[in-house]
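Remarks on the structure that follows.
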Amino acid sequence: PQPTRYEAENATISNGVVESNHTGFSGTGFVNYTNAVGGYVEWTVTATVAGPATLRFGYANGTADNRPVNLAVNGAAVGDVDFPGTGAWTSYAGVTTTVNLNAGTNTVRATATTANGGPNADYLDVG
Ligand code: GCU
Numbered sequence: 002p003q004p005t006r007y008e009a010e011n012a013t014i015s016n017g018v019v020e021s022n023h024t025g026f027s028g029t030g031f032v033n034y035t036n037a038v039g040g041y042v043e044w045t046v047t048a049t050v051a052g053p054a055t056l057r058f059g060y061a062n063g064t065a066d067n068r069p070v071n072l073a074v075n076g077a078a079v080g081d082v083d084f085p086g087t088g089a090w091t092s093y094a095g096v097t098t099t100v101n102l103n104a105g106t107n108t109v110r111a112t113a114t115t116a117n118g119g120p121n122a123d124y125l126d127v128g
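First residue of the sequence shown? That's 2 in the working numbering, and the numbers climb one at a time after it.
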């Protein structure tokens, strides 16, 4: 089946703002994390069955520096995800990782771990 897309601009945001000045995004904009540790985007996603699910994060990073985030699923940290540079803020890419979800509602929180903050977050696809 097709993955379900959850736009970052519709997620819960801490220390970030919704913007739309760099074209190429999905939906109506993206989240610009504050350039600081600790900001996050938290999506509420639904899974039909419990078990592994592929997460694909759409993003842009117009710098040369990785912007890793720590991923937490339902409040439990599951590791870091790298968001390397995409060449320009208008160049969007996707990174994937696999996590275990519960059947029903889950939270997926991506928290910035460096002083640069996270990448510009566009969406989360849940497969
Ligand atoms: C620039 C860019 C923003 C980006 C920011 C950053 O200001 O226009 O979209 O979020 O850099 O470094 O995070």
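Even glycine gets a Cβ: it sits at the ideal position worked out from N, Cα and C.
Remember, predicted model here, so these are calculated numbers, not experimental data.
Would you say arginine 68 and phenylalanine 84 are within 8 Å of each other, going by their C-beta atoms?
Arginine 68 is a Cβ neighbour of phenylalanine 84, given a cutoff of 8 Å.
Run through the DSSP bridge pairs and tell me what aspartate 126 is partnered with.
Bridge partners of aspartate 126: Arg6, Arg57.
Work out the CA separation of valine 79 and asparagine 121 for me, nearest whole Å.
Their Cα atoms are separated by approximately 21 Å.
Among the residues of its own chain, which have a CB less than 7 Å from the CB of glycine 39, if the five just before and after it don't count?
So the qualifying residues of the chain are Asn16, Thr112, Ala113.
Can you give me the C-alpha to C-alpha distance between threonine 115 and alanine 37, rounded to a whole angstrom?
Their backbone Cα atoms lie some 6 Å apart in a straight line.
Check asparagine 16 in the structure and name its three-state DSSP category.
DSSP, read as helix, strand or coil, puts asparagine 16 in coil.
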